[in-house]
Amino acid sequence: MSTAALSELEPVTPPETHAAEIAIEEVSRDTSRAIERAEVAAWLDLYEAAPADLAARQGLTIDKDGDLVWTTCTTIPFIHFNCVKNIGVDGPATEEQVDTLLAHYRDAGIRRPWFYTNPHTEPSRLRCWLEARGMQQQGGWERIYRDATPLADEPLFPSDPLIPVDDLVIEEVTPRTASEWASFIDAKYRLPTSPWLMALVDRKGWHHYMLKRRGAVAAVRSLFISDGAAWSGIDAPVPGIMAPSFDLDAMLGERLVRDGIAAGAKLIVADIEAPRPDRDGPAYRNYDRLGFKLAYLRNHYSYLPAHSS
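Letter 299 of the sequence shown, counting from 1, is numbered 298 in numbering that gives the first Met the number 0, and no numbers are missing.
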């Protein structure tokens with residue numbers, strides 16, 4: 000009997016799986032729309048605040064056609080600045096829309112525009128249309144959300160007792176500290192957006208936070224609240240991607256949730272940007288402790304980089 004035949008008789012060991020470390024909720028299409036709209040509202044307001052000279056210099060625009068929103072930046076190849084935010088979310092997409100958007104990006108000289116899809120985007124064959132035009136799934140983010148259920152009074156992520164209490168401090172950004180906050184973000188992402196970021200400080204709906212370690216900024220995160228829906232973003236360093244530790248971001252997340260609920264948020268939306276197949280690991284555990292549920296994986300489609308085969 001051949002070696003191949005013997006191997007076929009050996010028992011197959013199924014791959015080891017782990018229980019998800021966050022509650023998974025099968026959300027409705029209406030809930031999915033509310034989740035996506037919370038982020039779109041933040042980006043619309045963010046672009047409205049962009050200084051005109053910076054926008055002109057960087058070729059930075061945001062456009063709308065009905066509810067459809069997309070961004071363009073001719074100088075910075077950053078996913079957020081060259082993406083269709085919500086195709087198929089507020090109504091069924093069409094192939095004509097896809098072709099028109101791709102033509103727009105081609106005419107602007109954008110080589111890698113991005114499209115987002117999720118289990119509720121319409122129609123379901125939208126992914127097929129993107130793939131038929133040469134785009135491929137390039138990862139994605141877990142969409143997570145929570146309601147206004149209050150957290151326990153006790154801190155969820157207390158500081159290490161071996162670290163002096165004054166070594167880790169969370170501050171809300173003020174006009175006086177705006178430059179320090181903006182410079183930290185630009186340094187982490189290698190972006191020239193400090194004037195834009197500073198325009199968001201003290202702007203209605205925005206709340207920005209810095210976690211400082213021994214007086215130096217170590218992590219940041221922001222919250223935008225509009226019509227009772229809050230979106231959490233502008234985070235740096237991104238845990239699991241730009242930083243190995245999730246602890247500092249968890250502490251910031253707790254502050255955002257507490258302040259967001261106090262400010263009237265009924266829905267808070269965030270992302271896990273380093274998803275894991277089994278939905279386990281520190282990001283999932285931390286957000287579960289913060290009362291978040293996992294709605295779905297939002298897939299990101301674009302062309303492969305030019306150097307890729």
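All C-beta atoms, glycine included, are put in the ideal place defined by N, C-alpha and C.
Just so it is clear, the structure is predicted and the values come from calculations on it, not from any experiment.
Answer yes or no: do Pro76 and Pro194 have a C-beta to C-beta separation smaller than 8 Å?
no
With three or more beta-carbon pairs closer than 8 Å as the criterion, would you say the region 222-240 touches the region 127-138?
no
Rank Pro191, Val219, Thr71 and Asp64 by C-alpha distance to the C-alpha of Gly108 and give the top, closest one.
Thr71
Val268, enclosing beta strand (DSSP E) - first and last residue:
Leu266 to Ile271
Going by the beta-carbon positions, is the gap between Thr28 and Trp140 smaller than 8 Å?
The amino acid at residue 28 is misidentified as Thr; the sequence shows Arg. For Arg28 and Trp140, no; Cβs fall outside 8 Å.
Rounded to the nearest angstrom, how far is the Cβ of Ala249 from that of Phe156, given a contact under 8 Å?
5 Å
Just to confirm, are Val219 and Asp234 a CB contact at a threshold of 8 Å?
yes
At a cut of 8 Å, does the region 274-289 reach the region 95-109 through at least three beta carbon pairs?
no
Measure the C-alpha to C-alpha separation of Leu368 and Thr99 and round it to an integer number of angstroms.
What is shown of the chain runs 0 to 308, which leaves residue 368 out entirely.
Beta-carbon separation of Leu45 and Leu199 under 8 Å?
yes
Taking buried to mean at least 16 other C-beta atoms within 10 Å of its own C-beta, is Cys82 buried or exposed?
buried
Are the beta-carbon atoms of Leu255 and Leu210 separated by less than 8 Å?
no
Between Ser138 and the rest of its own chain, which residues show a CB-CB distance below 6 Å, the 5 nearest in sequence each way excluded?
Here residue 138 is Gly; the residue named in the question, Ser, does not match the sequence. The residues are His299.
Beta-carbon contacts of Ser307 that lie in its chain and below 8 Å, excluding the five residues immediately before and after
Residue placement at Ser307 cannot be trusted, given a pLDDT of 48 that sits under 50; the coordinates are not used to answer.
Is it buried or exposed for Ile240, if we count other Cβ within 10 angstroms and need 16 for buried?
exposed
Glu20 versus Ala55: straight-line alpha-carbon distance, rounded
45 Å
Spatially closest choice to Arg257 from Phe114, Ile169 and Ala181, by CA coordinates:
Ile169
Local conformation of Lys187 per DSSP, three classes
helix
Which runs of the alpha helix (DSSP H), 4 residues or longer, sit entirely within the region 166-240?
177-188 and 193-197
Inter-residue spacing [alpha-carbon to alpha-carbon] between Met0 and Ala18
Residue confidence for Met0 is low, a pLDDT of 46 falling below 50, so the modelled location carries little weight; the figure read from the coordinates is stated next. For Met0 and Ala18, the distance between alpha carbons rounds to 40 Å.
Would Arg32 pass as a contact of Val88 if the rule is Cβ separation under 8 Å?
yes
Nearest residue (CA-CA) to Val237, options Ser123, Ala102, Lys187 and Leu125
Lys187
Please return the same chain residues whose Cβ sits closer than 6 Å to the Cβ of Ser6, not counting the five positions on each side in sequence.
Interpretation of Ser6 is limited by its pLDDT of 46, a score under 50 that renders its predicted location unreliable; no figure is taken from the coordinates.
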